[in-house]
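To start, the structure itself, in C-alpha cells.
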Amino acid sequence: MEKYLEILNYTIYGAAILLLLIGLYGALTKKSLIKIVLGLSIMDSGVHLLMISIGYLKNGTAPIFSPGHENELAKMVDPVPQALVLTAIVIGFGVTAVALALVIRLYKHHNTLRIDEIKNLKW
Amino acid sequence: MIYLILTFILILLMIGAAVYAIWQKDLLYAVIASGIISLLLSIIFLILQAPDVALTEAAIGVALTTIIFIIAIRNTVRFEDEHDKKIKENKIIKPEEQ
Amino acid sequence: MVGTPVLFIVIPLLAAFIIPLTGMVWKNSVRIIPGLVLSYMLALSVSLMWHITETGTVVEVIAGWKPPIGINLVFSPFSGFLATLMIFLGLLVWAYSYKFKRNVDSEPALKYFILLMLLVTGSVGIVLTGDIFNMFVFIEIVGISGYGLTSFYTRRDSAEAAFKYLFMGSIASTFLLLAIMIIYSQLGTLNIAEIADKMPMMSNKLKVISLIFFILAIGIEAEIFPLNGWAPDVYTQAPGPIGAAFAGIVVKSAIYASVRLVYTMFDLSGALDLFIVIGLITFIVAETTALRQERLKRMLAYSSIGQMGLVMVAFGIGTKEGIFAALFLIFNHAIIKSLLFFSGSYLVYNKKNKFIKHVNGMGKYLPITSILFTIGAFAIIGLPPFAGFWSKLAILTAAADSKMLMLIAIILTVSILEAVYYLRVINRIYFFPKKKSTEAKKPTLNALIVMISLGIIIMVIGFYPDLITGIIDRAATDLMDKTGYIKDILTINN
Amino acid sequence: MKKAIILISLTILGVYLIDIFTGIGFGTQHFASGVKDAYLIGSKETLKVSNVVTSIVVNFRGFDTLGEVTVLFLASMALGGILYKKRHDVGERSVLFPSTRIVMSGAKLLFPSIVLLGAYVFIHGHLSPGGGFQGGTIIATGFLLMLITYRNYSVSHNRLSYVESFAGILFIGLGLAGYFINNSFLANIFPAGKLNDLFSGGVIGIIYVAVGFKVAAELTGIIYTVLHEKD
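Protein chains in written order, with the numbering used here: chain R, 1 to 123; chain P, 1001 to 1098; chain L, 2001 to 2494; chain C, 3001 to 3231.
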C-alpha cells in the first residue's frame, strides 16, 4: 500500500507540474491570442491542483465537522490551501474574463488574432 | 485502492486533454478540452478531500470559463491559423508583396 | 485619531460599492466621491503618522484573531510613509484628471475614477498588509484596475498594451502562488512576521527557490530589467495621468513588497548583492534605452524604470544610509516623475504619436507648463537647487561609506546620459521653432494647480530637505529593525 | 529556435519543481506547528462552524474574501469599459445557436431548480460543502442557461447593480458593525450558536449569503456584458 501511495505522490505532483508547464508552453509559443489565454488558464489549473495536493493528508477527511464525527481533528486535511484556492479560482476567472474582453477588442481593431500581426507596439 | 486507479486514469485523461487543448488548431475543440480539464480536476479535488473547491471549480471552470471562451471565439475567429487560410484564398496580401 | 488602518481599505471599497447607486441619481457623484474618499484617506494617514511618532507601530488585527491566525495590517513608520505618499499622489492624479474628457460620452469616463480609487487602495493594501496571501489579493486588485485603466482609450493601441500587461501579470501571479505555497508547506503559516520568525527552519534550497519565484513575480510589477517589457507600452498607451499613477503608486508598492521580502522575511545574505546587480543592470539598460527613444512618454517610462533600478541599488547597499537614500529617492521620484508626466502630456497633447519633436517651441505657447517640465527635468537629473539633488547625493554618500567606488562611478556616468536626454527635450522646448500644424492645448485650471503645487514642493524640498528627512530617517530605522517588526506583530494584545 | 529555448527552460523549471515537491512530500504533515490546528479548533470551539473552509474564508481570512469580491467587481467594471458601446448600439444579443423547443422548455424547467440549488448551497455554506462563491456561481450558470437559450431573455442591468451594491454594502456593513462593537473589522457580533445548527456561526452565515448574492450578480453581469458583443 505504501508503495502505491508513493506512486500517487509522484503522479499528482507530476500532473500538476505538467499542467503548469503545458499551459506555460502554450502561452509562450502560440500565436493565437485565444490560445494564449487558454494556456494561462490551464497554467492556473495546474497551480491550483498543486496547492490542494500540498494540503492533502493520507486517509484524511474533508475539513467538515459532520454530526457524529466532531472529534476527528487530527485526520482532517489542511483547510488553508483549500480556502486559498477558492480565492485564487475566482480571481483567475476575473482575470480570464478581462483578458478575453481585451482579445475581442483587439480583434475588432486589427481583424486578426495572430500575435505576430498585432504589433503596433514592440513585443 | 480503487481511488488510486481512478486518480491515475483521471490524471492521464487530464494531461491528454491539456496536450490536446494546446495542440488542436480548432479553438472550439481546444476550449472544450480545457473544460474537460476543469471537470476532471474537480473530480480530483473531490478525491483529495476538497469538496468546496471541487464545487467552485465545477461551476466556474467547467461552465462559466468555457462559455466565455466560446463567446470570445464566436466574436472572433474559430481557427488558430486563420491567417494562412486567408492568404491561401488571397483575401489579404502580405505586407512585403504590396 | 481619525481611525485605524483597516479603514484605508474598507472605506474605499464601501465607496466603490455605493458609487454605482449614487451614480444613477446624480452623475457627478461618480467623479466627486473618489476624491472625497482619497482626501479622507490622506487625512487618516497623516493623523496616523502623527500618532505613531508617539506610540510606535500600530498593528491592527482583523476579525479579532491574533496575528498568526488572522490577517493583520501594520502601520509602521516605513509602511506609513509609503502609504501616505501613495495616497497623496492618488489625490493629485484625481485632481489633475477631474475635468478629464468631460465632453466625451460619460460612462467609461466615470468608471475611470472608481478604477483609480481602487488602484490606490490596492497599492496601499500591499504596503499595509502583514500577510503574503493577502498581498497576492491586493496585487490582483492593482493588476485588474491597471488593465482597465490602460485600455481606457478605445482608439489607441491601448488594448494591446493592456493585454501585454495582463499576460505578464498572470504569469507573475502564478509564480507568486507557487512561492506562497512552498513557504506555507514548510512553515505552516502565511503571516509575514511569523514566517520571518520561523525562517531558519526552512532548508536553504527551498529558501532560494521561493525567493527566486517571489522576485520573478514581484519583479514584473516592479519593472526589473528583463521583466519590464510591458511598462513602456502601458505608460504610452494609458491616459497621461495614469502614467504618473503607475510610476508613483504601483511601482512603489511592488518595490515595497520586494524590500519587505528581502529585509524581513528572508535571511539570505546574498539577496542584497542580487539587488545591487539587478538594480544596476536595470539602471544602465533603461537609461541607455531612454536615450534612443523618439516618443516623450516612452522616454519618461524608461527613465522611470531606470530610477527604480537606482532605488534597488540603494536598497541593496544594505546599510541604514542606503535605505535612507532609497526612500528619499522613492519620495523624490514619485513627486518629480508625476510632475513630468503631468506637464509632458500637455506638451504633446492631441498628437497621435507623442513624438519628442512635437514639443518644439512650446516654451512660447505654454510658458508655465514648460517651466514646470524644466523644473522636473532638472530635479530628476539631480541639479543642486532641486529636490533630486539631495537623494542622488545621499546614494553617493551611502555607496562611499560602504566603499563601493565602482558603484559611484557607474551611477555618475549613467546620470550624465540621463542629463543628456532630458536636456535634449528642454533644448527643443525653448530653442526650436514651433511647427505650424501643431497647436498647443492650454492646461485646465485644476491641472495647473496640481502641477504648480508639485513644482513648489520640489523647490521647497530642494531648499529645506530637513522637512522630509526626519520622517524618512525614522522609516529607514524601522525597516532595519527586523526583530522589532516581528515582536510588534506577534506579541500584540488586542 | 525560440521554441527550443522555451522548451529547454521549461524542462529546467519542471525538473526543479518536481525536485522541490517530491522533497516536500505528499500526504503527510509537512510542518510541526502551523495555523491549521488553530483554525480547526477555533472553528469548532469559538465560531461553531462545521465547515472549516467556510470559517477560514469568511472569518479568519475574511479580508481576502473582501478583496476577492472587489476583484470580481473590478473585473465587471473593467469589462464594461473595455467592451464599451454607446447606449444606442446595444442591440440584440448574439445567440450561440438557435435553440430547439426541447432545449427551451428544458431550460425553463431547469432554471428554477438551479437557482434553488444555488440558494441552498450558500445558505448551508457553514454546514456542508459550498457557500457564497459556489452558490453564487451556480445561480450565475442558471442565468447563463437562460441567456443562451432565449434570444429575448434579458436581465435588467440596473437591477443587477442594485443587488451587487446592496450585497457589497451588507458585507462591509456587517464588517463595520464588528469594527464598532467588537473593535475589530469582521468580528463576530452575533451569538455563535451550536455546532451543526442552521443558525450557527453568528455573522458568518449572513456574510456568506451576501457574498453569494454579490458573486451571482457580478458573474451574471460579466456574462451579460460579453454576450452583448455582437460579431
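No residue lacks a Cβ here, since even glycine has one placed at the ideal position from N, Cα and C.
None of these values were measured; they are calculated from a predicted model.
At a Cβ threshold of 9 Å, is residue i touching chain R?
{"i": "residue 3098/C", "result": "no"}
{"i": "residue 3079/C", "result": "yes"}
{"i": "residue 2131/L", "result": "no"}
{"i": "residue 1043/P", "result": "no"}
{"i": "residue 3185/C", "result": "no"}
{"i": "residue 2137/L", "result": "yes"}
{"i": "residue 2210/L", "result": "no"}
{"i": "residue 2104/L", "result": "At residue 2104/L the pLDDT is 49, less than 50, meaning the model places this residue with poor confidence and gives no usable figure here."}
Would you say residue i faces chain D, with C-beta separation under 9 Å as the test?
{"i": "residue 113/R", "result": "In summary, chain D is missing from the structure at hand, where the protein chains are R, P, L and C."}
Against chain L, does residue i count as a neighbour if the rule is that its beta carbon must be under 9 Å from one of theirs?
{"i": "residue 44/R", "result": "yes"}
{"i": "residue 84/R", "result": "yes"}
Should residue i be labelled buried (16 or more other beta-carbon atoms within 10 Å of its own) or exposed?
{"i": "residue 2026/L", "result": "exposed"}
{"i": "residue 70/R", "result": "exposed"}
{"i": "residue 33/R", "result": "buried"}
{"i": "residue 2315/L", "result": "buried"}
{"i": "residue 2298/L", "result": "buried"}
{"i": "residue 2054/L", "result": "exposed"}
{"i": "residue 2232/L", "result": "buried"}
{"i": "residue 3011/C", "result": "exposed"}
{"i": "residue 3219/C", "result": "buried"}
{"i": "residue 2103/L", "result": "For residue 2103/L, the predicted structure reports a pLDDT of 45, less than 50, and the residue's modelled location is therefore unreliable. A value from the coordinates is still provided. So residue 2103/L ends up on the exposed side."}
{"i": "residue 3199/C", "result": "exposed"}
Rounded to whole angstroms, what's the CA-CA distance from residue i to residue j? Just pull it up for me.
{"i": "residue 2088/L", "j": "residue 2411/L", "result": "29 Å"}
{"i": "residue 2327/L", "j": "residue 3150/C", "result": "59 Å"}
{"i": "residue 2060/L", "j": "residue 2452/L", "result": "37 Å"}
{"i": "residue 3181/C", "j": "residue 3173/C", "result": "12 Å"}
{"i": "residue 57/R", "j": "residue 3037/C", "result": "14 Å"}
{"i": "residue 2046/L", "j": "residue 2471/L", "result": "12 Å"}
{"i": "residue 2421/L", "j": "residue 2082/L", "result": "29 Å"}
{"i": "residue 1016/P", "j": "residue 1048/P", "result": "21 Å"}
{"i": "residue 2443/L", "j": "residue 2094/L", "result": "15 Å"}
{"i": "residue 3136/C", "j": "residue 1020/P", "result": "31 Å"}
{"i": "residue 3123/C", "j": "residue 3208/C", "result": "8 Å"}
{"i": "residue 66/R", "j": "residue 74/R", "result": "15 Å"}
{"i": "residue 2150/L", "j": "residue 3044/C", "result": "46 Å"}
{"i": "residue 2029/L", "j": "residue 3169/C", "result": "17 Å"}
{"i": "residue 1983/L", "j": "residue 2387/L", "result": "In the structure as shown, chain L starts at 2001 and stops at 2494, and residue 1983/L therefore has no counterpart that could be examined."}
{"i": "residue 2409/L", "j": "residue 2325/L", "result": "17 Å"}
Just to check my reading of the structure: residue i and residue j have Cβ atoms closer than 8 Å, yes? What is that Cβ distance to the nearest angstrom?
{"i": "residue 2395/L", "j": "residue 2329/L", "result": "7 Å"}
{"i": "residue 2373/L", "j": "residue 2462/L", "result": "Incorrect: roughly 16 Å between the Cβ atoms, too far for contact."}
{"i": "residue 2305/L", "j": "residue 2377/L", "result": "Incorrect: roughly 17 Å between the Cβ atoms, too far for contact."}
{"i": "residue 2490/L", "j": "residue 2197/L", "result": "7 Å"}
{"i": "residue 3138/C", "j": "residue 3121/C", "result": "6 Å"}
{"i": "residue 2130/L", "j": "residue 2192/L", "result": "5 Å"}
{"i": "residue 3179/C", "j": "residue 3185/C", "result": "5 Å"}
{"i": "residue 3133/C", "j": "residue 3215/C", "result": "6 Å"}
{"i": "residue 1064/P", "j": "residue 93/R", "result": "6 Å"}
{"i": "residue 2248/L", "j": "residue 2300/L", "result": "In fact, because the Cβ distance is near 12 Å, the residues do not count as touching under 8 Å."}
Contact criterion: CB-CB distance below 9 Å. Does residue i meet it with respect to chain C?
{"i": "residue 1056/P", "result": "yes"}
{"i": "residue 2144/L", "result": "yes"}
{"i": "residue 39/R", "result": "no"}
{"i": "residue 1071/P", "result": "yes"}
{"i": "residue 117/R", "result": "no"}
Using a Cβ cut-off of 7 Å, pull out every chain L residue sitting near residue i, in sequence order please.
{"i": "residue 3161/C", "result": "2020"}
{"i": "residue 14/R", "result": "None at all; the shortest Cβ gap to chain L is about 15 Å."}
{"i": "residue 3033/C", "result": "2188"}
Residue i versus chain R: which residues are under 8 Å apart at the beta carbon?
{"i": "residue 2398/L", "result": "Ordered by position in chain R, no residue passes the 8 Å Cβ test against residue 2398/L, which lies about 35 Å from the chain."}
{"i": "residue 3036/C", "result": "78, 79, 80"}
Using a cut-off of 8 Å between C-beta atoms, extract the partners of residue i located in chain L.
{"i": "residue 98/R", "result": "2144, 2147, 2148, 2166"}
{"i": "residue 106/R", "result": "2159, 2160, 2163"}
For a contact defined as C-beta to C-beta under 9 Å, what are the partners of residue i on chain C?
{"i": "residue 1005/P", "result": "What residue 1005/P touches in chain C: nothing, since even the nearest Cβ is about 17 Å away."}
Could you tell me which chain C residues have their CB closer than 8 Å to the CB of residue i, listed as they occur along the chain?
{"i": "residue 1106/P", "result": "Here chain P has residues from 1001 to 1098 only, and residue 1106/P is not among them."}
Could you check whether the Cβ of residue i sits closer than 9 Å to any Cβ belonging to chain P?
{"i": "residue 3129/C", "result": "yes"}
Along chain P, in chain order, which residues have C-beta atoms closer than 8 Å to that of residue i?
{"i": "residue 35/R", "result": "1022, 1027, 1030, 1080"}
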